[in-house]
Amino acid sequence: MAKSVAVLGTGMMGAGMARSLLRAGLAVTVWNRSAEKARPLAGDGATVAGSPAEAVAGADVVLTVLFDADSTAEVMRGLALADGAVWVQSGTVGLEGTERLVELAGGTPFVDAPVLGTRKPAEEGKLTVLAAGPRDVRDRVAPVFDAIGARTVWAGERPGDGQRLKLAANSWVLSITAATAQAVALTRGLGLEPAAFLDAISGGAVDSGYAQVKGRAMIAEDFTPSFGVEGAVKDADLILAAMREAGTDDRLMRALHEQYRVAADHGGTDDMAAVVRAFGS
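Here the sequence shown stands for residues 1 to 281, numbered as in this note's numbering.
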């Protein structure tokens with residue numbers, strides 16, 4: 001079972017995951033391309049490495065939490081992992097991206113493990129891990145998943161099945177966030193206080209805790225990032241590619257992609273709740 005973890009990527013999600021691993025008593029080494037994002041973790045007990053190679057040396061599990069497949073491949077290419085180490089890939093990188101990373105892993109055991117959740121669940125160790133990988137490594141990665149997540153859903157043994165489930169789930173997340181934005185903007189546009197929409201659905205069959213949180217952020221114009229709108233654009237691209245592979249109708253996702261793209265043009269580092277701007281609010 002894993003006792004030491006190297007976390008490569010300490011941005012919005014990776015930093016919270018690293019702290020959750022430290023609270024669980026694991027030895028954690030962190031690295032980030034922008035070193036200033038990794039240094040604060042030293043105060044929580046992490047070792048801050050100066051390079052990816054230094055970070056992975058001797059680690060039982062290497063956890064990558066990077067933006068996309070290209071950045072993950074750039075960091076992992078040529079690294080020498082310890083004998084018996086497992087690579088846990090938690091970025092949302094899509095199907096083609098996962099194929100490339102599995103090839104890059106070579107003989108290193110590879111677990112495809114994107115997560116559901118944003119900054120706060122990452123900080124609290126309450127993510128949902130959507131995992132896929134060989135059964136014989138599951139016990140070895142269990143301490144990592146137990147530390148970062150409230151639960152783990154094993155989608156299968158085939159790398160890529162975690163991504164498949166994540167893309168389906170994210171299609172729902174992108175949809176409900178944009179639908180909330182549309183309703184908030186329409187309520188305001190019709191001359192009512194937009195909070196009236198949230199009050200109307202509150203506690204009913206169509207209510208959603210997520211809609212309430214994002215809707216309040218939209219009304220307050222508080223776009224402090226917990227999931228960046230630039231990431232929403234990237235994920236919509238990956239979902240569209242998966243839809244083409246699956247042969248499902250992509251007209252709704254194409255419309256959503258455009259709305260998030262418009263919002264990202266106003267500020268790509270804003271939270272995805274900023275999609276409300278694309279509806280004229």
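Even for Gly, the Cβ is constructed at its ideal location relative to N, Cα and C.
Do Ala73 and Arg100 come within 8 Å of each other at the CB atom, strictly closer than that value? Against a cut-off of 8 Å, the Cβ pair of Ala73 and Arg100 comes out as a contact.
If you draw a straight line from the alpha carbon of Asp136 to that of Gly156, how long is it in whole angstroms? If I take the Cα positions, the gap works out to 13 Å.
Name the one or two DSSP bridge partners that Ser4 has. Among the bridge pairs identified by DSSP, Ser4 is matched with Ala27.
Could you check which residue in Ala53, Pro114, Val93, Thr92 has the C-alpha nearest to that of Ala80? The option with the nearest alpha carbon to Ala80 is Ala53.
Compute the distance between the beta-carbons of Val229 and Asp271, then report whether it is under 8 Å. A contact, by the Cβ cut-off of 8 Å.
Excluding the 5 residues flanking Ala263 on each side, which residues of the same chain have their C-beta closer than 6 Å to its C-beta? So the list reads Val229, Ala274, Val275, Arg277, Ala278, once near-sequence residues are dropped.
Pairing CB atoms from the region 224-240 with CB atoms from the region 248-265, are three or more of them under 8 Å? Touching, yes, given that three or more Cβ pairs across the two stretches are closer than 8 Å.
Residues that DSSP places opposite Asp271 in a beta bridge: According to DSSP, Asp271 bridges with Gly228.
Ala242 versus Gly191: straight-line alpha-carbon distance, rounded: The alpha-carbon of Ala242 is positioned some 40 Å away from that of Gly191.
When the Cβ atoms of the region 116-124 are set against those of the region 39-55, are three or more pairs found closer than 8 Å? Taking a cut-off of 8 Å for Cβ pairs, the region 116-124 and the region 39-55 do not touch, as fewer than three such pairs fall below it.
Minimum C-alpha distance to Leu252 - residue among Gly209, Ala196, Ala178: Leu252 has its Cα closest to that of Ala178, out of Gly209, Ala196, Ala178.
In terms of DSSP beta bridges, what is Gln182 paired with? For Gln182, which the question treats as bridged, DSSP gives no partner whatsoever.
Could you tell me which of Ala200, Met12, Thr180, Thr92 sits nearest to Thr269, measuring between CA atoms? The option with the nearest alpha carbon to Thr269 is Met12.
According to DSSP, simplified to helix, strand and coil, what is Ala155? Assigned with DSSP and collapsed to three states, Ala155 falls in strand.
Looking at the structure shown, is Thr108 part of a helix, part of a strand, or coil, going by DSSP? Three-state result, Thr108: coil.
Could you check what DSSP says for Gly215 in three-state terms: helix, strand or coil? Three-state DSSP puts Gly215 in a helix.
Could you check what DSSP says for Thr72 in three-state terms: helix, strand or coil? When secondary structure is reduced to three states using DSSP, Thr72 falls in the helix class.
Exposed or buried, which one is Arg244 when buried takes at least 16 other CB atoms within 10 Å? Around the beta carbon of Arg244, a 10 Å sphere encloses fewer than 16 other beta carbons of the protein chains shown; the residue is thus reported as exposed.
Let me confirm a value: Gly204 is counted as buried when at least 16 other C-beta atoms fall within 10 Å, else exposed. Which label applies? With fewer than 16 other Cβ atoms within 10 Å, it is exposed.
At what residues does the beta strand (DSSP E) containing Val206 begin and finish? From DSSP, Val206 is part of no beta strand (DSSP E); its letter is neither H nor E.
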